[in-house]
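A.B. asks: Have a look at this one before I ask anything.
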Amino acid sequence: MNEIWQGLLEAIKLIVSLDPEILEISGRSLWIALSSCLLASVICLPIGGLIHFQRFAGKRTLISLIQTFYSIPTVVIGLFVFVLLSRTGPLGGFNLLFTPTAMIIGQMLLVIPIVLGLTISALSGIDKVIPDTARSLGAGSFQTAVVVLKEARFAVTAAMIMAFSRAISEVGLALIVGGNIKGFTRVITTTISLETAKGDLELALALGIILMFIALVINLVLNQLQTR
Amino acid sequence: MPLIETVDLCQKYNGHDVLKKIALQVEPGEVLSLIGPTGAGKTTLLRLLDLLDTPTSGRIYFAGTEVTRSGKTRSETRRKMAFVLQKPVVFNASVYDNVAYGLKWRGITRNELYQRVSGILETVSLSALRDRNARTLSGGEIQRIAIARAIALEPELLLLDEPTANLDPISISRIEKLIANIIHQHKTTIIMTTHDMRQGQRLPNKVAVLINGEILQTGSSRDIFTSPHNQEIAEFVGTENIINGVITTSEEDLVTINTSGKIIEAIADYPVGEEVCACIRPEDITLANSQAPSSARNSYAGKIMQVVPIGPLCRIEIDCDFSLFALVTGRSVEELDLVRGKTIYATFKATAIHIIRRER
Ligand SMILES: Nc1ncnc2c1ncn2[C@@H]1O[C@H](COP(=O)(O)OP(=O)(O)OP(=O)(O)O)[C@@H](O)[C@H]1O
Ligand SMILES: [Mg+2]
């Protein structure tokens with residue numbers, strides 16, 4: 136018990152003293168999760184709009200399929216990206232394995248279903264009268280889509296935040312495609328798992344506290360959005 | 157050439173005919189009021205005219221060009237119109253932006269945009285609220301925003317779907333004034349719907365009656381008010397006295413009608429034996445405490461069954477073998493001492509009666 140208290144105290148000291156290693160690891164975590172989510176959003180907003188506004192056979196099935204992928208295990212995506220990027224894999228020539236780029240690609244694939252699925256449900260939450268109103272005022276189909284997306288902006292932002300929280304808290308994928316290389320691909324979650332295994336609890340606890348803090352901030356922002 | 161014209165326009169929903177062969181012609185500058193009971197198909201028709209939906213069959217011409225189905229002409233044509241939906245919604249944005257959207261889509265320069273939007277907000281007296289989120293406005297204010305953003309587009313054709321439904325009398329008169337102003341200043345062609353017969357009479361110069369998906373009568377509001385083509389229209393336009401009878405004599409435009417033993421004289425031309433309804437507007441009936449002088453042809457003694465105040469007026473139900481409703485001022489009620497159970501003489505002129513053939 137004493138050991139834990141000791142560890143916690145040391146952890147807080149590390150955070151308060153702005154330990155360079157902690158800053159570096161946390162910064163990388165944030166950067167990788169943020170980039171993957173932004174990329175996923177850039178891809179998913181137009182596709183989500185397309186799926187929502189177009190009528191086609193199998194639309195419902197497609198949406199259920201997307202929702203199924205919300206909870207795909209991170210190690211499965213990790214394995215898939217690993218195979219894709221490994222030296223003998225189809226994209227091996229780019230030498231991306233064990234780089235932050237590989238981690239961004241992996242996390243992007245991981246959160247695409249979430250951003251896509253939640254964007255579609257955000258759009259369907261908008262009253263049918265909104266697109267009618269836009270069209271009756273002379274909006275073309277693209278302009279109408281933009282109007283509806285704008286109306287759904289809070290729900291869409293919430294989708295992006297959900298994606299971010301999944302990306303920053305996952306460990307399996309970061310470990311498999313990042314390799315947990317010190318000073319290069321080490322992020323909060325992989326460091327925690329490594330340091331804990333090594334028995335060095337101070338650093339692990341400090342990073343754990345930071346991750347909890349990030350989760351808290353995410354929750355506060357989400358709550359704000361949902362009351363809009 | 158009509159600005160908008162429909163030919164045999166039909167719309168079906170789930171195998172149910174909502175609109176049946178609508179033939180409508182509206183000339184430039186004309187103001188048409190579509191009146192009809194709820195569920196008649198008014199909104200459905202306006203949505204077709206604004207090219208938001210595609211009809212099951214039939215054609216729509218805008219300024220002589222067919223626009224029913226072709227995708228490109230449809231969106232171009234839609235930009236020449238503006239449609240205020242029945243239950244308007246505002247975008248989750250400021251009042252200013254709500255009015256500005258349609259203009260932005262038309263690629264209007266920033267400077268002109270500002271001028272136009274400010275001017276319109278002035279017109280609808282909402283300048284003070286320009287930066288408010290439109291979602292926080294009251295129903296009447298939202299209705300004004302909806303009209304403002306439509307007229308800001310200076311459309312050739314303005315479609316208004318029940319612009320005053322669910323509003324209080326002050327908001328209604330405010331919006332009617334606004335519409336009257338648009339008619340007066342811009343000479344915009346307008347098609348508006350209402351199920352308030354009186355509004356149809358207050359505002360526009362032409363009225364079409366839409367009942368059950370069919371246009372049953374088109375004409376001046378006075379025509380429709382005083383000479384409805386059939387019983388359904390008569391009932392809808394508030395002809396409260398619709399009395400069934402049979403023509404007993406007919407000579408030189410003067411007919412007599414037998415109705416439950418009493419004789420009514422009217423100006424009309426129908427053969428003897430024809431089954432008809434005599435329509436008398438309640439305000440055309442005068443009441444007196446003594447038998448009227450002989451010049452008035454139709455005068456009946458009856459018992460007052462009910463006295464119901466309606467605003468400044470009173471609606472009196474009289475039983476003179478057939479039941480008769482009269483509309484009189486509150487002052488007359490006092491002067492004539494109209495109370496329930498009293499016997500009174502009800503009189504109406506032969507010219508105040510509108511005769512329609514009864515449908516079997
Ligand atoms: N999209 C739709 N799908 C199925 N039925 C519809 C649809 N739109 C309208 N209807 C039906 O068509 C009929 C006419 O509706 P419409 O809204 O045009 O009536 P309205 O004259 O505007 O009535 P109100 O005065 O109540 O607004 C109604 O019976 C309605 O249920
Ligand atoms: Mg309607």
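Residue numbers (my numbering), protein chains in the order written: chain A, 136 to 363; chain B, 157 to 516. Beta carbons are placed, not taken as given, at the ideal position from N, Cα and C, and that holds for glycine.
1) When DSSP builds the beta bridges, which residues end up paired with I198 (chain A)?
2) Are the region 348-358 of chain B and the region 475-489 of chain B touching, with three or more C-beta to C-beta distances below 8 Å?
3) Taking only the alpha-carbon atoms, compute the straight-line gap between G467 (chain B) and S376 (chain B) and give it to the nearest angstrom.
4) Tell me, to the nearest whole angstrom, how far the beta carbon of T229 (chain B) is from that of P211 (chain B); I am working on the premise that it is less than 8 Å.
5) What are the boundary residues of the beta strand (DSSP E) that Q462 (chain B) is part of?
6) Does chain A have any CB closer than 8 Å to the CB of A238 (chain B)?
7) Restricting to Cα atoms, I'd like to know which of A:I327, A:V281, A:T362 and A:L346 is closest to H187 (chain A).
8) Just to make sure I have the definition right: I need the residues of chain A whose C-beta is within less than 8 Å of the C-beta of V245 (chain B). Which are they?
9) Compare the beta carbon distance of G213 (chain A) and G307 (chain A) with 8 Å and say whether it is the shorter of the two.
10) Name the chain A residues whose beta carbon is nearer than 8 Å to that of L241 (chain B)?
11) Does F504 (chain B) come out as helix, strand or coil in the three-state DSSP assignment?
12) So with CB distances below 7 Å, who are the chain A contacts of G394 (chain B)?
13) In the DSSP assignment, find the unbroken beta strand (DSSP E) run with H510 (chain B) in it and report its ends.
14) Give the interface partners of A274 (chain A) over in chain B, defined as CB-CB distance under 7 Å, in chain order.
15) Name the residues in the region 192-212 of chain B whose C-beta lies less than 7 Å from a C-beta of chain A; which are they?
16) Going by C-alpha distance, which of B:G214, B:T442 and B:L165 is nearest A482 (chain B)?
17) Can you tell me whether DSSP reads G228 (chain A) as helix, strand or coil?
18) Rounded to whole angstroms, what is the Cα-Cα separation between R371 (chain A) and L197 (chain A)?
19) Helix, strand or coil for V187 (chain B)? Go by DSSP, reduced to three states.
20) Is E286 (chain A) close to chain B, meaning its C-beta is less than 8 Å from at least one C-beta of that chain?
21) Would you tell me roughly how many angstroms separate the C-alpha atoms of Q141 (chain A) and G224 (chain A), rounded to the nearest one?
22) Grab the span of the alpha helix (DSSP H) containing L270 (chain B) for me, first residue to last.
23) Shortest alpha-carbon distance to K176 (chain B) belongs to which of B:I347, B:L269 and B:I367?
24) Would I276 (chain B) and A304 (chain B) qualify as a contact pair, given that the criterion is a beta-carbon distance under 8 Å?
25) Could you tell me whether the Cβ of V282 (chain A) comes closer than 8 Å to any Cβ of chain B?
26) Under 8 Å between the Cβ atoms of V174 (chain B) and G192 (chain B)?
27) Is there a Cβ of chain A sitting closer than 8 Å to that of N400 (chain B), yes or no?
28) By Cβ distance, which residues of its chain are closer than 8 Å to V246 (chain B), with the 5 residues on each side in sequence left out?
29) V283 (chain A) and L258 (chain A) look like a contact to me (Cβ under 8 Å); what is the Cβ gap, rounded to whole Å?
30) On the criterion of 16 or more Cβ atoms from any shown chain inside 10 Å, does P248 (chain A) qualify as buried, or is it exposed?
31) Rounded to whole angstroms, what is the Cα-Cα separation between M461 (chain B) and V489 (chain B)?
32) Should Q141 (chain A) be flagged as near chain B, meaning a C-beta pair shorter than 8 Å?
33) Whose Cβ in chain B lies nearer than 9 Å to the Cβ of Q361 (chain A)?
34) Count the other CB atoms within 10 Å of the CB of T320 (chain B); is the residue buried (16 or more) or exposed (fewer)?
35) Would G258 (chain B) and A308 (chain B) qualify as a contact pair, given that the criterion is a beta-carbon distance under 8 Å?
36) On the DSSP letters alone, give me the boundaries of the beta strand (DSSP E) that H172 (chain B) sits inside.
C.D. replies: Taking the geometry as given:
1) The residue given as residue 198 (chain A) occupies position 63 in the first sequence. Its beta-bridge partners do not exist; DSSP assigns none.
2) no
3) By one-based count along the second sequence, residue 467 (chain B) stands at place 311. By one-based count along the second sequence, residue 376 (chain B) stands at place 220. C-alpha separation (whole angstroms): 27 Å.
4) Here residue 229 (chain B) refers to the residue found at position 73 of the second sequence. Here residue 211 (chain B) refers to the residue found at position 55 of the second sequence. Actually they do not touch by this definition, with Cβ atoms about 15 Å apart.
5) Position 306 of the second sequence, counted from the first residue, corresponds to residue 462 (chain B). Residues N454 to I466.
6) Taking the second sequence and counting its residues from 1, the one referred to as residue 238 (chain B) is at position 82. Cβ-Cβ to chain A under 8 Å: yes for A238 (chain B).
7) As a working note, residue 187 (chain A) is residue 52 in the first sequence. Measuring from the Cα of H187 (chain A), the nearest candidate turns out to be A:V281.
8) Looking up residue 245 (chain B) in the second sequence gives position 89. Within 8 Å Cβ-Cβ: D262, V264, I265 and T268.
9) Within the first sequence, the letter at position 78 stands for residue 213 (chain A). Within the first sequence, the letter at position 172 stands for residue 307 (chain A). Yes, these two residues count as a Cβ contact at 8 Å.
10) Reading the second sequence from its first residue, position 85 is the one you call residue 241 (chain B). Residues of chain A whose Cβ lies closer than 8 Å to the Cβ of L241 (chain B) are, in chain order, V264, D267, T268 and S271.
11) By 1-based counting over the second sequence, the position of residue 504 (chain B) is 348. F504 (chain B): strand per DSSP, three-state reduction.
12) Stepping through the second sequence from its first residue, residue 394 (chain B) is reached at position 238. Going along chain A, no residue has its Cβ under 7 Å from G394 (chain B), so there is no contact; the nearest lies around 31 Å.
13) Position 354 of the second sequence, counted from the start, is the residue given in the question as residue 510 (chain B). Where H510 (chain B) is concerned, the enclosing beta strand (DSSP E) stretches over I509 to R513.
14) Indexing the first sequence from 1 puts residue 274 (chain A) at position 139. Residues of chain B passing the Cβ test: W261.
15) Flagged, chain order: D206 and L208.
16) In the second sequence, counting from the first residue as 1, residue 482 (chain B) sits at position 326. The candidate whose alpha carbon is nearest that of A482 (chain B) is B:T442.
17) If you number the first sequence from 1, residue 228 (chain A) lands on position 93. Looking at G228 (chain A) - three-state DSSP - the assignment turns out to be helix.
18) As displayed, chain A neither begins before 136 nor continues past 363, which places residue 371 (chain A) out of reach and without an answer.
19) Numbered from 1 along the second sequence, position 31 holds the residue referred to as residue 187 (chain B). Residue state, collapsed to three classes: strand.
20) Locating residue 286 (chain A) in the first sequence gives position 151, where the first residue counts as 1. By this cut-off, E286 (chain A) is an interface position.
21) Against the first sequence, residue 141 (chain A) aligns to sequence position 6. Against the first sequence, residue 224 (chain A) aligns to sequence position 89. When rounded, the distance between both Cα atoms is 47 Å.
22) Working through the second sequence from its first residue, we reach residue 270 (chain B) at position 114. Per the sequence shown, residue 270 (chain B) should be read as Tyr rather than Leu. Here the alpha helix (DSSP H) through Y270 (chain B) covers R266 to T279.
23) Position 20 of the second sequence, counted from the first residue, corresponds to residue 176 (chain B). Selected option, being the one with the closest Cα: B:I367.
24) Numbered from its first residue, the second sequence carries residue 276 (chain B) at position 120. Numbered from its first residue, the second sequence carries residue 304 (chain B) at position 148. In this structure, A304 (chain B) lies closer than 8 Å to I276 (chain B) by Cβ.
25) For the purposes of this step, residue 282 (chain A) is taken as residue 147 along the first sequence, with counting starting at 1. Yes, contact with chain B.
26) On the second sequence, residue 174 (chain B) is found 18 positions in, with the first residue counted as 1. On the second sequence, residue 192 (chain B) is found 36 positions in, with the first residue counted as 1. No; because the gap between Cβ atoms is not below 8 Å, this pair is not in contact.
27) Reading the second sequence from its first residue, position 244 is the one you call residue 400 (chain B). No - not a single Cβ of chain A is within 8 Å of the one on N400 (chain B).
28) Within the second sequence, numbered from 1, the residue matching residue 246 (chain B) stands at position 90. Answer for V246 (chain B): N254, A290, R291, L293, I298, I301 and A302, listed in chain order.
29) The residue labelled residue 283 (chain A) in the question sits at position 148 within the first sequence. The residue labelled residue 258 (chain A) in the question sits at position 123 within the first sequence. The pair is a contact, with the Cβ atoms about 6 Å apart (cut-off 8 Å).
30) Mapped onto the first sequence, residue 248 (chain A) falls at position 113. Counting the other CB atoms within 10 Å of its CB gives P248 (chain A) a total of 16 or more, which places it among the buried residues.
31) Within the second sequence, numbered from 1, the residue matching residue 461 (chain B) stands at position 305. Within the second sequence, numbered from 1, the residue matching residue 489 (chain B) stands at position 333. For M461 (chain B) and V489 (chain B), the distance between alpha carbons rounds to 14 Å.
32) Walking along the first sequence from the start, residue 141 (chain A) turns up at place 6. So no, Q141 (chain A) is outside the interface.
33) As a working note, residue 361 (chain A) is residue 226 in the first sequence. The contacting residues do not exist; Q361 (chain A) stays about 15 Å from chain B at best.
34) The residue you call residue 320 (chain B) lines up with position 164 of the second sequence. If you draw a 10 Å sphere on the C-beta of T320 (chain B), you find 16 or more other C-beta atoms in it, and that means buried.
35) Working through the second sequence from its first residue, we reach residue 258 (chain B) at position 102. Working through the second sequence from its first residue, we reach residue 308 (chain B) at position 152. Yes, Cβ-Cβ distance for G258 (chain B) and A308 (chain B) is below 8 Å.
36) Here the question's residue 172 (chain B) lines up with position 16 in the second sequence. Looking at the DSSP string, the run of the beta strand (DSSP E) that includes H172 (chain B) is H172 to V182.
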